[in-house]
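Enquirer:
There are 2 protein chains.
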Amino acid sequence: MNEAFKALSDPSRRKILHLLKKEDLTAGEIAGHFNMTKPSISHHLNLLRQANLVESEKKGQHIIYSLNTSVFEDVVTWFMDFLTKDEEGK
Amino acid sequence: MNEAFKALSDPSRRKILHLLKKEDLTAGEIAGHFNMTKPSISHHLNLLRQANLVESEKKGQHIIYSLNTSVFEDVVTWFMDFLTKDEEGK
DNA sequence: TATATATTTAGATAATTATCTAAATACCTA
DNA sequence: TAGGTATTTAGATAATTATCTAAATATATA
Numbered sequence: 001m002n003e004a005f006k007a008l009s010d011p012s013r014r015k016i017l018h019l020l021k022k023e024d025l026t027a028g029e030i031a032g033h034f035n036m037t038k039p040s041i042s043h044h045l046n047l048l049r050q051a052n053l054v055e056s057e058k059k060g061q062h063i064i065y066s067l068n069t070s071v072f073e074d075v076v077t078w079f080m081d082f083l084t085k086d087e088e089g090k
Numbered sequence: 001m002n003e004a005f006k007a008l009s010d011p012s013r014r015k016i017l018h019l020l021k022k023e024d025l026t027a028g029e030i031a032g033h034f035n036m037t038k039p040s041i042s043h044h045l046n047l048l049r050q051a052n053l054v055e056s057e058k059k060g061q062h063i064i065y066s067l068n069t070s071v072f073e074d075v076v077t078w079f080m081d082f083l084t085k086d087e088e089g090k
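Going down the list, the sequences are from chains A and B. Under full-length UniProt numbering, the first residue of the first sequence is numbered 1, with each subsequent residue one higher. Under full-length UniProt numbering, the first residue of the second sequence is numbered 1, with each subsequent residue one higher.
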């Protein structure tokens, strides 16, 4: 889960996740939302993919990115641990 | 919340949070759990404090650190957003 | 007040990460 | 198959971050 935390630490990558929550997008469409070159976006997408926060599928000339919620669930579980109080003496 | 995400991206800092979940600890006690100098731990504690993930209180010669769960709640809310499906057409 | 302990601050260095340009790969279509 | 579009890979550089040593600050106590 370390990769997920690192992937989430960058604002651009969190913005990508927000975009993908609305709809699946190609790499180029994602890049269109940023003032950043396509190789830079490609790098961020790669980190998100390694962290299993997004999935990609090749469709012809395009690569379509989409959210992968399974790791989100793991991370929420990690956080919930801090919000549940330990019962004393148990 | 950007600072919280950045603070959480480091494994040592997440380990500190886990230690503090069990009990409040002084800076020195926290440092005792790591193979790292005290100034390095102090730096990590500072980032956690800036992110409002921990609080500190001076008690005599010691400084006691404790968890601050309010920002955890914000971050969980952020994650939950990705796990709730949008209803189509609404 | 002098000394010891706990912690932080300052400043330097090393490691990691983000970003760019240029080139490579893959697919589509005329 | 030649040319165009979409995307990634490679390699360089700049920015950020982690870590260290040495020094400073604050408190306790003999």
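Note that CB positions come from ideal geometry on N, CA and C, so glycine has one too. Since we're looking at a predicted model, the values are computed, not measured.
Contact between the segment 11-26 of chain B and the segment 64-75 of chain B: three or more CB pairs below 8 Å?
Expert: In short, these stretches touch, since the Cβ pair count reaches three.
Enquirer: Going straight from the alpha carbon of A/D10 to that of B/E57, what length do you get?
Expert: Each residue's alpha carbon lies about 30 Å from the other.
Enquirer: Going by CA-CA distance only, name the one from A/T37, A/M1, A/N52, A/A31 that's closest to A/K15.
Expert: Closest by alpha carbon: A/A31.
Enquirer: How would you list, in chain order, the residues of chain A whose beta-carbon sits under 8 Å from the beta-carbon of B/M80?
Expert: Under the 8 Å cutoff, chain A gives V76.
Enquirer: Report yes if the CB atom of residue 93 of chain B is closer than 8 Å to the CB atom of A/L48, and no otherwise.
Expert: No statement about residue 93 of chain B is possible, as the shown extent of chain B runs from 1 to 90 and does not include it.
Enquirer: In whole angstroms, what separates the C-alpha of B/N35 from that of A/K22?
Expert: One C-alpha to the other measures close to 44 Å.
Enquirer: Does A/K15 come within less than 8 Å of chain B when only Cβ atoms are used?
Expert: Judged by the 8 Å Cβ criterion, A/K15 is not in contact with chain B.
Enquirer: Tell me whether A/G89 sits in a helix, a strand or coil according to DSSP, three-state version.
Expert: Unreliable placement is indicated for A/G89, whose pLDDT of 48 sits below 50; no coordinate value is reported for it.
Enquirer: Alpha helix (DSSP H) containing A/H44: first to last residue?
Expert: Per DSSP, A/H44 belongs to the alpha helix (DSSP H) from 38-50.
Enquirer: Taking 8 Å as the CB-CB limit, is B/F72 close to chain A?
Expert: Yes - at least one Cβ of chain A is within 8 Å of the one on B/F72.
Enquirer: Can A/F82 and B/F82 be called in contact, C-beta distance under 8 Å?
Expert: Cβ distance not < 8 Å, so A/F82 and B/F82 don't count as in contact.
Enquirer: Quick check on the DSSP output: the beta strand (DSSP E) that includes A/H62 runs from which residue to which?
Expert: First-last of the beta strand (DSSP E) with A/H62: 62-67.
Enquirer: Taking 6 Å as the limit between beta carbons, can you name the residues of its chain near B/W78, skipping five residues before and five after?
Expert: If we look at B/W78 and ignore the five residues flanking it on each side, it has no Cβ neighbours.
Enquirer: Using a beta-carbon distance below 8 Å, is B/K59 in contact with chain A?
Expert: Taking Cβ atoms only, chain A never reaches closer than 8 Å to B/K59, which makes this a no.
Enquirer: I'd like to know whether the C-beta atoms of A/L53 and A/L17 end up nearer to each other than 8 Å.
Expert: Yes, these two residues count as a Cβ contact at 8 Å.
Enquirer: I'd like to check one pair, A/M80 with B/V76: are the Cβ atoms closer than 8 Å?
Expert: It is a contact, given that the beta carbons lie within the stated cut-off.
Enquirer: In the structure shown, what three-state DSSP assignment does B/L53 receive?
Expert: It is coil, neither helix nor strand.
Enquirer: Please confirm whether A/H44 and A/S70 have their CB atoms less than 8 Å apart.
Expert: Cβ distance not < 8 Å, so A/H44 and A/S70 don't count as in contact.
Enquirer: Any idea what DSSP makes of A/T84, helix, strand or coil?
Expert: Coil.
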